[in-house]
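Protein chains in written order, with our numbering: chain A, 1 to 180; chain B, 1001 to 1201.
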């Protein structure tokens, strides 16, 4: 199957991942345990885009707000809308990233890297410049690794027998949180 | 967009194909061969090539500035002359009026109109200043992955073509499904191909 067909046919995979991650992050108040690494912080915030239907029948629902509980988005889920974009805060050890993840193409948008001395002050000499570039590459790679680790966690369950139970828990969460 | 400072937006690519050896000599030779050529002083309409991530005017890569540790860092620069349709229409109309008066004719024929349009387009194109766009990337050589700092699909296509031409290697954009194929084992991937969308309500 070529890439264009994959994007269309398997679009649900990214959308399910984001929805699962939202549920997972709220299950224990923001902590998600990664095998072998302990807890990382995953918080959904500020900005979310949900979609429903294809082509001309496509509907979009954008939810924004600083301290929002994302009530409209939760209601959207009960109407069968799918999570297409979400602003997520991720933290591990002393590093914290902000990223808007898109479901269909898995783009990383509006990425804010953790602040470190090396990324803030690039000097002019070649060694300092190289140090700054490598520090930023390291932080981008760490972000990709974290997202991939979370995605792997989801996938492992998604293709296993555990998915049935996981799906029941997510349905209960959708029902509960949209009603509050 | 944001590789070196500020907020960044990017997509990931996997790189397919065998890396020639010695790798860094190959990179040096190919990057120079496909470096950006300025078109400010020519009449060319389009130019695409590699420049340094630190300076869009540096296409010489002194001190191998494309090498950062085990990563290849490059910027894709595209300069393009463009004429807006409104400007083209204005000057074509003006020229048609001029010719009608000069030749004392009431109407311009279709053939003549086509000829005028093409002539004016070329003239305006020559006067247009090339519009630059720069997109940064880094290539993780050990993992054969590439991060491209733009979410524009037009830029992705240009990158895929130039990368193939420069290095003879194919870029495959990493969307959830093919990322999943890299993350799961064989049994998992087989199962993945069979799953259908879940319903959360």
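Glycine residues also receive a C-beta, built at the ideal position from the N, C-alpha and C atoms. These figures come from a predicted structure and were not determined experimentally.
Task: residue 1147 of chain B at chain A interface by Cβ criterion, 8 Å - done: Within the second chain, numbered from 1, the residue matching residue 1147 of chain B stands at position 147. Output row for residue 1147 of chain B: interface = yes.
- [ ] Using a Cβ-Cβ cut-off of 8 Å, state whether residue 1061 of chain B counts as contacting chain A.
- [x] What you label residue 1061 of chain B is simply residue 61 of the second chain in a count that begins at 1. Interface flag for residue 1061 of chain B against chain A is unset, since no Cβ pair is found closer than 8 Å.
Open item on the list: What ranges does the beta strand (DSSP E) occupy inside the region 1039-1125 of chain B, keeping only unbroken runs of at least 3 residues that lie completely in it?
Closed with: The qualifying runs are 1046-1051 and 1071-1080.
- [ ] Over the uninterrupted alpha helix (DSSP H) stretch that includes residue 144 of chain A, give me the two end residues.
- [x] Within the first chain, residue 144 of chain A is the residue found at index 144, counting from 1. Run containing residue 144 of chain A: 126-158, per the alpha helix (DSSP H) assignment.
Open item on the list: So if I threshold CB-CB distances at 7 Å, which residues from the region 163-177 of chain A count as touching chain B?
Closed with: In summary, the residues of the region 163-177 of chain A whose CB is separated from some CB of chain B by less than 7 Å are 167, 170, 171 and 174, in the order they occur in the chain.
TODO: Could you tell me which residues DSSP puts in a beta bridge with residue 43 of chain A?
DONE: Position 43 of the first chain holds residue 43 of chain A. DSSP lists A/89 as partners of residue 43 of chain A.
- [ ] Compare the C-beta of residue 134 of chain A against all C-beta atoms of chain B and say whether one is closer than 8 Å.
- [x] On the first chain, residue 134 of chain A is found 134 positions in, with the first residue counted as 1. Yes, contact with chain B.
Open item on the list: Is the beta carbon of residue 1056 of chain B closer than 8 Å to that of residue 1134 of chain B?
Closed with: Residue mapping note: residue 1134 of chain B aligns to position 134 of the second chain, counting from 1. Residue mapping note: residue 1056 of chain B aligns to position 56 of the second chain, counting from 1. Yes, these two residues count as a Cβ contact at 8 Å.
Task: Limits of the unbroken alpha helix (DSSP H) element including residue 1144 of chain B - done: Taking the second chain and counting its residues from 1, one reaches residue 1144 of chain B at position 144. Element bounds for residue 1144 of chain B: n/a, residue is neither H nor E.
Task: Member of A/177, A/18 and A/147 whose CA lies at the smallest distance from the CA of residue 92 of chain A - done: Residue 92 of chain A sits at position 92 when you count from the first residue of the first chain. If we check each option's Cα against that of residue 92 of chain A, A/147 comes out closest.
TODO: May I ask you to report which of helix, strand or coil DSSP gives residue 15 of chain A?
DONE: Here residue 15 of chain A is taken as the residue at index 15 of the first chain, counted from 1. DSSP places residue 15 of chain A in helix when its eight states are reduced to three.
Open item on the list: Mapping the DSSP letters down to three states, classify residue 1167 of chain B as helix, strand or coil.
Closed with: Start at 1 with the first residue of the second chain, and residue 1167 of chain B comes out as number 167. If DSSP states are grouped into helix, strand and coil, residue 1167 of chain B belongs with the helices.
Open item on the list: Going by DSSP, what residue range makes up the beta strand (DSSP E) through residue 1012 of chain B?
Closed with: Within the second chain, numbered from 1, the residue matching residue 1012 of chain B stands at position 12. For residue 1012 of chain B, the uninterrupted beta strand (DSSP E) run begins and ends at 1008-1016, by DSSP.
- [ ] Just confirm the distance between the C-beta atoms of residue 1184 of chain B and residue 159 of chain A, as a whole number of angstroms; I'd bet it's less than 8 Å.
- [x] The residue given as residue 1184 of chain B occupies position 184 in the second chain. The residue given as residue 159 of chain A occupies position 159 in the first chain. Contact between residue 1184 of chain B and residue 159 of chain A holds: CB atoms are separated by about 7 Å, below the 8 Å threshold.
Task: 8 Å Cβ shell around residue 173 of chain A - same chain, five flanking residues per side excluded - done: Residue mapping note: residue 173 of chain A aligns to position 173 of the first chain, counting from 1. Shown here for residue 173 of chain A: same chain residues with a beta carbon closer than 8 Å to its own, the five before and five after excluded, namely 23, 26 and 27 in chain order.
Open item on the list: Tell me the residue span of the alpha helix (DSSP H) that contains residue 7 of chain A.
Closed with: Mapped onto the first chain, residue 7 of chain A falls at position 7. Annotation for residue 7 of chain A: the continuous alpha helix (DSSP H) segment containing it runs 3-9.
TODO: Run the CB neighbour count on residue 1027 of chain B, radius 10 Å, all protein chains shown included, and call it buried at 16 or more, exposed below.
DONE: As a first step, residue 1027 of chain B is located in the second chain; it is residue number 27 there, counting from the start. So residue 1027 of chain B counts as buried.
- [ ] Quick one: measure Cβ to Cβ for residue 102 of chain A and residue 112 of chain A, integer angstroms, because I've assumed they're closer than 8 Å.
- [x] Looking up residue 102 of chain A in the first chain gives position 102. Looking up residue 112 of chain A in the first chain gives position 112. Contact between residue 102 of chain A and residue 112 of chain A is ruled out by a C-beta separation of about 16 Å, above the 8 Å threshold.
Task: 8 Å Cβ cutoff, residue 126 of chain A in contact with chain B - done: As a first step, residue 126 of chain A must be located in the first chain, where it is residue number 126. Any Cβ of chain B closer than 8 Å to the Cβ of residue 126 of chain A would place that residue at the interface, and such an atom is present.
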